[in-house]
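Residue numbers (my numbering), protein chains in the order written: chain A, 458 to 838; chain B, 458 to 838; chain C, 2 to 385; chain D, 2 to 385.
Here's the structure, in structure tokens; my notes come after.
See below:
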């Protein structure tokens, strides 16, 4: 059914590579990442070596120069890591913290930061959200004041993924508080600079993801670390939202599909009142219903990928897909856990972890409320 | 986003033709059909003249020899008739009562019945369901007993669409009660034969559709009216379910989309507590949510159409689409009515009619329960 | 397992009254429902028969021809009425209007109107909604101007229950200079004495086919100034607000009656219906859906019972009444939907009570204040 | 608007008991919740303090060291406990086990165990679930064989609340030759006197982090035959079934407490939180969601109140208790989900009570009989 999009042998070979990586490097270590609260940083190097970290970037800097369909394949496969935190670590690096740099960064900045990032030698994070500005990006307050050739940065950033592993942040700051939407800039800030401090956050799920709050206390970075033009940060930041949301849809859905498959096996093995749970009508109806919902989410995502590959605008489709897929994933996790009974409440069960991991879907990367408001606006309300 | 499927100028021209037909011949008369309890039979002739009634059939018999993508376009446009009953009248004729004839009928039978049906000179209906056998097709009891070169038919059929307008029925009967699934046959039965009687049924919606119960009392038809082989009726009947379900998805969704558009206008015009209803967050969230759901249903349907055009099996996709789209349509109708307030309860309002019309979606053409059971089976449960 | 009446109805008198109600309804309502649906209105005599039997005025003070009982007795009757499946008889409006008069009417008004409302000689309607304004009192444009001790009324109203039969109309009209909701008053119009008053067509609705719902037109209709509820103008907003508690609770009561009747009918049907040689009732999906529907009814029963107790004690607040309205109607619609589904094709046939119950239910989420408005009222109560 | 305790709790004594409960909990529970979550178990002294204060034995007969009150008093305490947000203290199990003994125990058993349960010297656990069998009693494979007046126990149990601390275990084991559910008995194991008894690791759960949940292993554990509840075997199924009404209602009571606490916390938070220079509370979506959550709590409150009344009167049937269990836990999970959403990113941070409440809630739909099983029981009650 999706033959038009992923039919080529290149796609198939690429998928096989990523699947192998996921099955060999990620799934077996999924619980270990939970324990550590982050993925093993070495994996970034392995991914870099496999060419996974710069799929759509210019080969000049180590990228693969491919189109969006390859990104989709990669995140479909990474989404099956059995650890949503691990999946997220990669997608933040590839779709959130490096795109502005790749698109707008100076030659010097790209040589310094993009090449090692694509090689997996460094890990990056994006720092936009603040404690008092959740969905409202324009309300951020972290401030960079120019002092000679340096920026002096003060403020704080919240919910930063890759907080422990990151070597540098793509930081959105206010550079001119009086300039409205032209008063923001994106600045690359190495995390080992004096004045940078990070507290890791304890979450109800996504245990394999290192999420943190950063504090900046008179942090100095050269003005040349600014990505693109000073004052264009807000616009540059906004441009990548579509990509990151679509990736979120794809990997979240892949996780839900994996859970559905595992739950099917569980219901076949589990005997209740003398027969397999899989033979009960309630189980069958629930499983079929989930499958239909997931297929709808899948097709919605594919429509967006198809549009991006064709160079068309997919904003409405992606916004719709984000809110739709997030809710499907949560519903799937809720129902699969229920089918697992008490075992589903254990931290070791895939269903249980998926339940708490998936819950972030309607909050992160644009909450449902933000998405609906945005979609309504695009629909002319 | 759907450029791959409907991009050709033939598709566009065809869509324009059907849209014009719908806007000129159907929508202005939508309430008249409700009053009459059926559509004007003359419209079938007009549709025949436009080539709408045999899109995928052999030109030898007046068909257009086109592929499924044209059927999809046609039902997308007919679905905007503002009268789900009118839309249904056409799709029963094109997708339910004539396919077996076109595929399995003898040359003689096709000349006698298919040619006038494609021309719109006769109207057909399919008669499968019985009062005591709803979803369970194999439980039907209407019996045809051979007497020389005739069948003698006794029994009753329920929920027959086009009951008043139909000139003939594609009737599924038991021809050999001991032969299990090989004991059924499809027989063409003209409705003006002695012994055929029909009572029209009063429904809570779909007022523009003539739904009836047929009674057969020693009705005699020549054995040569059998479609295909005697004893193959069950199998022949089953083969067309995928097509008819997909058409149901497409036209139901088109009706929901039309309702959404009209509701948007209503909320823009309606002033409540000093501002347009469209400016309230609840309205915007609800409308955006519906849009996302409808887009998911749309993409699901398109995936199925794409598969059929490519000659692939689309059974799972169509089954999933049927249950998904039906529920989306009902939810859309429920929410749109609510946004209309008291006016939505009036028979004259589109929202009100859509609410009662759409309600049939999870019942007719394979109920949700049947679909979920069937999908579960296909998924290996 | 469950009592046939809400758990909150604990007095012996309520139980007796419920029995009497059922008996009356079995005789005077159930056999006629189908006919009323066809004629679009109930029989005129139903009102007088109910009046004679004491069901219209149960909570009207004895001094004015009523039974002097607490309003929970009316609720018992409306619950039993809803259980019959009839949605044609707009009898709850009678109670609502009676309580406007009981609460705010002058002595003269009480004596003039209450006995007729109790006997069924008078049939009441509330004329609030106007074309283009739903729950929004600010937007009322019907005007009642004072002229020589008379009120001259101009305007039109729509979606008025009992619109074809009512002969005592409680009209929401703008009387003063004051803009917004505060400039409205309640004016009673006795239709037999009101030249310029005209009824529109009986409106065609999706459901509630046996109920006459109409537009009403007022063209220079004159009534004495003394027809202003309470004798003076400008109090309409407050009067409406205070009584809405009762009106909204009633919608919840009716929802409960409808739910009980649907669950019962669906349980019976699924036990009779055979599917693949088993009872439809024996399929797990059927059992789950029925269990869910039954639970919704039982939980609502307790809540309605509590609300009625508070109503009689005078402590039922607007937010809680709003909950009874939106939650009750929401549950009713969900149960209607699930039950209809279990009937399959039959559920879509207009002659089946479940099909009618489905179409009838939908209005409950809209009238008496749309459910969105109810939620807003509840939210306000949380903002303290 | 709403009473702080279920509307069904109407006696003055219940209100006083609620006050006392709150006071105790504010001092002995609330300040320690975070610490217990970290240590994975509550403090041992909590039990004895609660025992001293009279909260553990409120409904144990006075003759055995208890307060002799109806069980609705226990419900008051558990409701107040749930409102604190703590999910670590498995105190409800204590009440459940006490009532097994009160209802079926021999005089000797009552004297032996009840005073300790009332004082907190004994901590109870119910060991029913086995690896691979959830709600299915037929599949119990732990065996207690009679040998020379002793029962020799072999088997293992899992997901046992209070698993690390319990010293009186009410064990479901197979005693007779009879297959299926009817061959099971309840056997009490005093852990201090049970060589061969071993506790597994404290299991890591998604939520309820402060509660010790464990596997228990029995390897040739010997207890006197007189430890069979009631003195003879084979009654386990009936004993469990009869008491499940209480256990299931408790889950509904806990759900209500949790919902009240979540709604309150979310209303406060949304009033403080500014978004686009307005209060989050002022957005229409927030108002609707909060109104819905509040309604769910109020409606459940009435139902729980009714159930408690019936419980004390002895008329609470299994189907109604099943409704309290599944409906309560379902509403709790829905409210948790909606409230968490309104907290945005903070709602996902483990330190926020709403985040904990969300993770804690999920178990309620599973333990005490999965909600699907509850619906099956309700369906049976409709098949008469």
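From the three backbone atoms N, C-alpha and C, an ideal C-beta is built for every residue, glycine too.
Open item on the list: Quick check: the Cα distance between residue 800(A) and residue 217(D), rounded to an integer number of angstroms?
Closed with: 15 Å
Task: First and last residue of the uninterrupted alpha helix (DSSP H) at residue 46(C) - done: 45–53
Open item on the list: Please classify residue 269(D) as buried or exposed, where buried requires at least 16 other C-beta atoms within 10 Å of its C-beta.
Closed with: exposed
TODO: Measure the C-alpha to C-alpha separation of residue 308(D) and residue 497(A) and round it to an integer number of angstroms.
DONE: 53 Å
TODO: Just the chain A side, please: which residues come within less than 7 Å of residue 137(D) by C-beta, in chain order?
DONE: 729 and 730
Open item on the list: Against chain C, does residue 666(B) count as a neighbour if the rule is that its beta carbon must be under 9 Å from one of theirs?
Closed with: no
- [ ] Report the residues of the stretch 614–626 of chain A with a CB closer than 8 Å to any CB of chain C, ordered along the chain.
- [x] none
TODO: Using the Cα positions of residue 781(A) and residue 689(A), report the straight-line distance between them to the nearest angstrom.
DONE: 31 Å
TODO: Kindly confirm or deny that the stretch 153–169 of chain C and the stretch 189–203 of chain C touch, where touching means at least three C-beta pairs closer than 8 Å.
DONE: yes
Open item on the list: Please confirm whether residue 474(A) has its beta-carbon closer than 9 Å to some beta-carbon of chain C.
Closed with: no
Task: Residues from the stretch 278–307 of chain D in contact with chain A, defined by Cβ distance under 7 Å - done: 286
Task: Residue nearest to residue 55(D) in terms of C-alpha spacing, selected from 96(D), 88(D), 40(D) and 38(D) - done: 96(D)
Open item on the list: List, in chain order, every chain D residue whose beta-carbon is nearer than 7 Å to that of residue 268(C).
Closed with: 383
Open item on the list: Classify residue 71(D): buried if its beta carbon has 16 or more other beta carbons within 10 angstroms, exposed otherwise.
Closed with: buried
TODO: Look at the Cβ atom of residue 237(C), then the Cβ atom of residue 219(C), and state whether they are nearer than 9 Å.
DONE: no
Open item on the list: Using C-beta distances below 8 Å, list every residue in its chain close to residue 298(D), excluding the 5 sequence neighbours before and after it, in chain order.
Closed with: 3, 257, 260, 261, 264, 332 and 336
Open item on the list: So residue 673(A) contacts chain C; which residues on that side make the cut at Cβ distance below 7 Å?
Closed with: Ordered by position in chain C, no residue passes the 7 Å Cβ test against residue 673(A), which lies about 37 Å from the chain.
Task: C-alpha gap between residue 834(A) and residue 274(C), whole angstroms - done: 49 Å
Task: Cross-strand partners of residue 206(D) (DSSP beta bridge) - done: 803(A)
- [ ] Quick one: residues in its chain with C-beta nearer than 6 Å to the C-beta of residue 532(B), no 5 flanking neighbours on either side, listed in chain order?
- [x] 704, 707 and 708
Open item on the list: Between residue 171(C) and chain B, is the shortest Cβ-Cβ distance under 9 Å, so that the two count as touching?
Closed with: no
Task: chain D contact for residue 773(A) (CB, 9 Å cutoff) - done: no
Open item on the list: For residue 378(C), would you say it is in contact with chain D, using Cβ-to-Cβ distances shorter than 9 Å as the test?
Closed with: yes
Task: Beta bridge counterpart(s) of residue 286(D) as assigned by DSSP - done: DSSP output for residue 286(D) lists no bridge partner at all.
Task: Contacts that residue 324(D) makes with chain C (C-beta to C-beta distance below 9 Å) - done: 292, 295, 296, 299 and 300
- [ ] Could you spell out where the beta strand (DSSP E) holding residue 478(B) opens and where it closes?
- [x] Unbroken run through residue 478(B) is the alpha helix (DSSP H), 466–478; no beta strand (DSSP E).
Open item on the list: Please classify residue 661(A) as buried or exposed, where buried requires at least 16 other C-beta atoms within 10 Å of its C-beta.
Closed with: buried
Task: Whole-Å CB distance - residue 211(D) paired with residue 88(D), under 8 Å assumed - done: 6 Å
Task: Which of helix, strand or coil DSSP assigns to residue 56(D) - done: coil
Open item on the list: Between residue 342(D) and chain A, is the shortest Cβ-Cβ distance under 9 Å, so that the two count as touching?
Closed with: yes
- [ ] Could you tell me whether the Cβ atoms of residue 43(C) and residue 213(C) are closer together than 9 Å?
- [x] yes
Open item on the list: Excluding the 5 residues flanking residue 676(A) on each side, which residues of the same chain have their C-beta closer than 6 Å to its C-beta?
Closed with: 610, 650, 652 and 653
- [ ] Please list the segments of the beta strand (DSSP E) lying wholly inside the stretch 52–106 of chain D, counting only runs of 3 or more residues, in order along the chain.
- [x] none
Open item on the list: Helix, strand or coil, according to DSSP, for residue 292(C) in the structure here?
Closed with: helix
TODO: Take residue 617(B) and list the residues in its own chain whose beta-carbon comes closer than 6 Å to its own, dropping the five residues that flank it on each side.
DONE: 582, 584, 669 and 671
- [ ] Mind listing the chain A neighbours of residue 204(D)? Cutoff is C-beta to C-beta under 7 Å, in chain order.
- [x] 803
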